[in-house]
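Report on the following structure.
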Amino acid sequence: MVIQESGLQSHAESRPPKPVPIPPPRPDVPAIVVKPVGDTVTASAALKGLLEAKVSPQSLGVRVLRCQPATGNGVLVRVETSEMADKLVLAINSHPELQVCCEARVPRKRSPQILIYDIPDMPGDKAMVEEEFLDKLRLSNSMPDGDIRVLFRRKGRGSQQHWVLSVAPNIFASFGKSRRLHWGFGSFRFREYCEPLRCFKCYKYGYVRTQCSAPQELCWKCPGVHNFKACTKDRPICRNCRDFNARNRMFLDCLCNTQRFQKNVRCSCGKRQS
Numbered sequence: 001m002v003i004q005e006s007g008l009q010s011h012a013e014s015r016p017p018k019p020v021p022i023p024p025p026r027p028d029v030p031a032i033v034v035k036p037v038g039d040t041v042t043a044s045a046a047l048k049g050l051l052e053a054k055v056s057p058q059s060l061g062v063r064v065l066r067c068q069p070a071t072g073n074g075v076l077v078r079v080e081t082s083e084m085a086d087k088l089v090l091a092i093n094s095h096p097e098l099q100v101c102c103e104a105r106v107p108r109k110r111s112p113q114i115l116i117y118d119i120p121d122m123p124g125d126k127a128m129v130e131e132e133f134l135d136k137l138r139l140s141n142s143m144p145d146g147d148i149r150v151l152f153r154r155k156g157r158g159s160q161q162h163w164v165l166s167v168a169p170n171i172f173a174s175f176g177k178s179r180r181l182h183w184g185f186g187s188f189r190f191r192e193y194c195e196p197l198r199c200f201k202c203y204k205y206g207y208v209r210t211q212c213s214a215p216q217e218l219c220w221k222c223p224g225v226h227n228f229k230a231c232t233k234d235r236p237i238c239r240n241c242r243d244f245n246a247r248n249r250m251f252l253d254c255l256c257n258t259q260r261f262q263k264n265v266r267c268s269c270g271k272r273q274s
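In UniProt numbering, the protein residues as written are 1 to 274.
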């Protein structure tokens, strides 16, 4: 009996590990982005209410699948077909009351993004500093024509910062295998930036802290509704993995599929392996 049990145990141990399934990408559903113009609308919920009061999708022959908050107090409206999206954009932008307080458009496709390391602190007006930095970057690297802009900054070592830039595909292709960008008589290290947006208040993906609607800062160590300083858990638990497993009944998986999926979706080259 002992031999049989050990044989069964060794056979079980020799089995290859079960591969962790990766969630499929979201279906490509047509959508439009509606952003407020000026300071008349200060919240996504207010803009959604205004659209519902002034525009009737049914009378336009438009079937709205869902409406969700977007950056800059805007909303993202998903519809069934591209023709419906065009109708809704035209209806909003031609409405006499809506055209003065909001603007609708089809979402722009994501451009490649890069992260430039250790940029020194540059005092002055933020917009002007960024414009001068990008102009000098273009001249120092002989970049082709195309859009390039600063998305946001991250804290670096000391007073330095890491900047995340969005660049046109032709500019990104011109970098080749280089890992440095010249800047006058110096240079900066850079890499492609494929990390998903993440809120460090509620620790969910898709937006940043300033757009978070959570009433308080949540714990990064466990899924509890409290600050991490008050956490009594000895073992960390990922709240995103818990929510994913609860929806998909994958209670035995130990790898975070949420972050794997987000990185695969946002990587511009589409070849990143987690």
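Glycine included, C-beta positions come from ideal geometry on N, C-alpha and C. Keep in mind the model is a prediction, meaning the values are calculated, not measured.
Please go through the same chain and pick out, in chain order, the residues whose beta-carbon is closer than 6 Å to the beta-carbon of residue i, but skip the five residues on each side of it.
i: R138; result: none
i: A91; result: V55, L60
i: Y193; result: Q113, I114, L115, V164
i: V129; result: M122
i: S213; result: none
i: C219; result: H226, F228, C231
Of the residues the options, which one's Cα is nearest the Cα of residue i?
i: I116; options: L218, V55, V164, W183; result: V164
i: R198; options: R191, Y207, G184, E192; result: Y207
i: D39; options: Q113, C101, S111; result: C101
i: A104; options: R209, K177, L51, C212; result: L51
i: P107; options: D28, V37, C194; result: D28
i: S140; options: W183, K48, V37, E195; result: W183
i: K87; options: S213, I32, P215, R191; result: I32
i: L65; options: N73, A53, T81, H95; result: T81
i: G146; options: R157, G156, L134; result: L134
i: V41; options: S166, Q99, R157, R247; result: Q99
i: E83; options: V62, D125, V129, K177; result: V62
i: G136; options: H95, P57, S178, F185; result: Residue identity differs from the one stated: residue 136 is Lys in this sequence, not Gly. The candidate whose alpha carbon is nearest that of K136 is F185.
i: G158; options: P120, R247, E131; result: P120
i: S166; options: Q58, K109, P57; result: K109
Considering only residues of the same chain and omitting the five flanking positions on each side of residue i, which have a CB-CB separation below 7 Å?
i: P144; result: N170, I171, S174
i: V77; result: A31, I32, V34, V64, C67, L88
i: Q273; result: For Q273, the pLDDT reaches just 42, beneath the cut-off of 50, and the residue's location in the model is therefore unreliable, although a value from the coordinates is still provided. Same-chain partners within the cutoff: there are none.
i: E97; result: K54
i: E217; result: K201, N227
i: E132; result: none
If you drop the 5 nearest sequence neighbours on each side, which residues of the same chain put their C-beta closer than 8 Å to that of residue i?
i: K221; result: F228, C231, K233, P236, I237
i: S187; result: R180, L181
Report yes if the C-beta distance between residue i and residue j is below 8 Å; otherwise report no.
i: Q211; j: L151; result: no
i: R154; j: Q161; result: yes
i: W240; j: K204; result: Per the sequence shown, residue 240 should be read as Asn rather than Trp. The answer is yes: Cβ separation under 8 Å.
i: V79; j: K48; result: no
i: S127; j: I148; result: For clarity, residue 127 is Ala in the given sequence; the question names Ser instead. Going by C-beta atoms, A127 is not nearer than 8 Å to I148.
i: A191; j: F200; result: The sequence given here has Arg at residue 191, not Ala. No, the Cβ-Cβ distance between R191 and F200 is not below 8 Å.
i: P123; j: A85; result: no
i: P223; j: R242; result: yes
i: P36; j: N93; result: no
i: S111; j: A70; result: no
i: D118; j: G176; result: no
DSSP puts residue i in a beta bridge; with which residues?
i: E103; result: K35
i: H162; result: R154
i: P120; result: The partner list for P120 (beta bridge, DSSP) is empty, contrary to what the question assumes.
i: Q68; result: L76
i: I148; result: V167
i: I114; result: L165, E192
Does the ligand GDP have even one heavy atom less than 7 Å from the beta-carbon of residue i?
i: L197; result: In terms of ligand content, the structure shown is empty, and the ligand GDP therefore cannot be addressed.
What are the uninterrupted segments assigned as beta strand (DSSP E) that are 3 or more residues long and contained completely in the segment 180-258, given in chain order? Runs of the beta strand (DSSP E) inside the segment 180-258: 180-183, 186-192.
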